[in-house]
Amino acid sequence: MAPKHHPTPLSGGDRKALTKELGRARAMTTILAGQAAEARAKGEALIRQADKLLCESWNERMWANGGPIDPSPTVDQAINGGFASLEIECSRCKTRRDVDLAALRHPPTTFVHDLAGRLRCSKCAKAGPRPSATLLQLMSRPRLAVPET
Ligand SMILES: [Zn+2]
477 MAPKHHPTPL SGGDRKALTK ELGRARAMTT ILAGQAAEAR AKGEALIRQA DKLLCESWNE
537 RMWANGGPID PSPTVDQAIN GGFASLEIEC SRCKTRRDVD LAALRHPPTT FVHDLAGRLR
597 CSKCAKAGPR PSATLLQLMS RPRLAVPET
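Under this note's numbering, residues 477 to 625 are what the sequence shown spells out, in order.
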C-alpha cells in the first residue's frame with residue numbers, strides 16, 4: 477500500500493507542526509491497540525470468572541436440591557468456566573457416566589439443562605422409550621469420558 481499523502485503546508489512552522497502530528501498519531505496507533513488488547517484480556521478473564529461462578533452455583537443447587545435444572549449455564553459457558561464435563565445418571569437403570577461437553581454435537585449455545593432430554597442411556601436403548609438423564613454435576617474433567625449416544 478502506498479503511504480498516505482499529506483499535502484505539504486506552505487509555511488515552515490506548519491510543516492513542522494504536521495510532522496509532529498503525524499509522529500504523534502503513529503505512536504498513538506500502537507498505544508491504543510495495546511490498551512485495547514489489555515482491556516479485552518481483562519474482559520475475557522472477567523467473563524471466564526462469571527462462567528465459572530455460574531457453574532459452581534448450578535452445582536451447589538444440584539447437590540443441595542437436585543434441581544430445578546433450569547436455569548443452567550450454556551455448554552460454552554461451562555467449558556469457558558473450566559467445566560468440561562457433565563456427570564449424568566440414567567433415570568431408569570441409574571448408570572452414571574461423564575459427558576465430554578466439548579465433544580457434543582449440540583450447538584455450544586445449548587443450555588446444560590436442555591441436555592437432560594437429549595442424552596440417553598445406551599443400556600436402556602432397547603427397553604422401550606429411552607428415559608431422560610438425571611443431571612448430577614458439572615466437572616472440570618471427565619473421569620471416564622464416553623462418547624455421546
Ligand atoms: Zn439406563
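Every residue gets a Cβ at the ideal spot worked out from N, C-alpha and C, and that includes glycine.
Candidates the options: which alpha carbon is nearest residue i's?
i: Lys-602; options: Cys-569, Pro-584 and Gln-613; result: Cys-569
i: Asp-590; options: Leu-611, Ser-533 and Arg-572; result: Leu-611
i: Val-586; options: Leu-508, Pro-547, Ser-598 and Gly-558; result: Looking at the sequence shown, residue 586 is not Val but Thr. Of the listed residues, the one whose Cα sits closest to Thr-586 is Pro-547.
i: Pro-485; options: Ala-478, Leu-494, Thr-506 and Ala-517; result: Leu-494
i: Ser-616; options: Thr-506, Gly-519, Asn-556 and Lys-518; result: Asn-556
i: Ala-579; options: Lys-599, Thr-571, Val-551 and Gly-558; result: Val-551
i: Phe-559; options: Lys-492, Pro-607, Trp-534 and Arg-491; result: Trp-534
Exposed or buried, residue i, counting other C-beta atoms within 10 Å across all chains shown (16 or more means buried)?
i: Leu-627; result: The shown model of the chain, from 477 to 625, leaves out residue 627, and the question about it has no answer.
i: Asp-527; result: buried
i: Ser-561; result: buried
i: Gln-553; result: buried
i: Met-538; result: buried
i: Ala-478; result: exposed
i: Ala-540; result: exposed
Determine the contact status of residue i and residue j, defining contact as a CB-CB distance below 8 Å.
i: Pro-549; j: Cys-566; result: no
i: Leu-595; j: Ile-564; result: yes
i: Leu-498; j: His-482; result: yes
What separation, rounded to the nearest whole angstrom, lies between the Cα atoms of residue i and residue j?
i: Ala-513; j: Ala-521; result: 12 Å
i: Pro-584; j: Gly-542; result: 24 Å
i: Arg-573; j: Gln-511; result: 45 Å
i: Gly-593; j: Pro-605; result: 12 Å
i: Lys-480; j: Leu-577; result: 50 Å
i: Arg-516; j: Gln-525; result: 14 Å
i: Arg-581; j: Ile-523; result: 24 Å
i: Ser-598; j: Met-504; result: 60 Å
i: Val-588; j: Gly-519; result: 24 Å
i: Ile-545; j: Ala-609; result: 11 Å
i: Thr-571; j: Cys-600; result: 10 Å
i: Arg-491; j: Thr-506; result: 24 Å
Tell me the DSSP bridge mates of residue i?
i: Arg-502; result: BP columns for Arg-502 are empty, so no partner.
i: Asp-546; result: BP columns for Asp-546 are empty, so no partner.
i: Cys-566; result: Ala-609
i: Asp-590; result: Partner(s): none; Asp-590 has no beta bridge.
i: Met-615; result: Ser-561
i: Val-575; result: Leu-562
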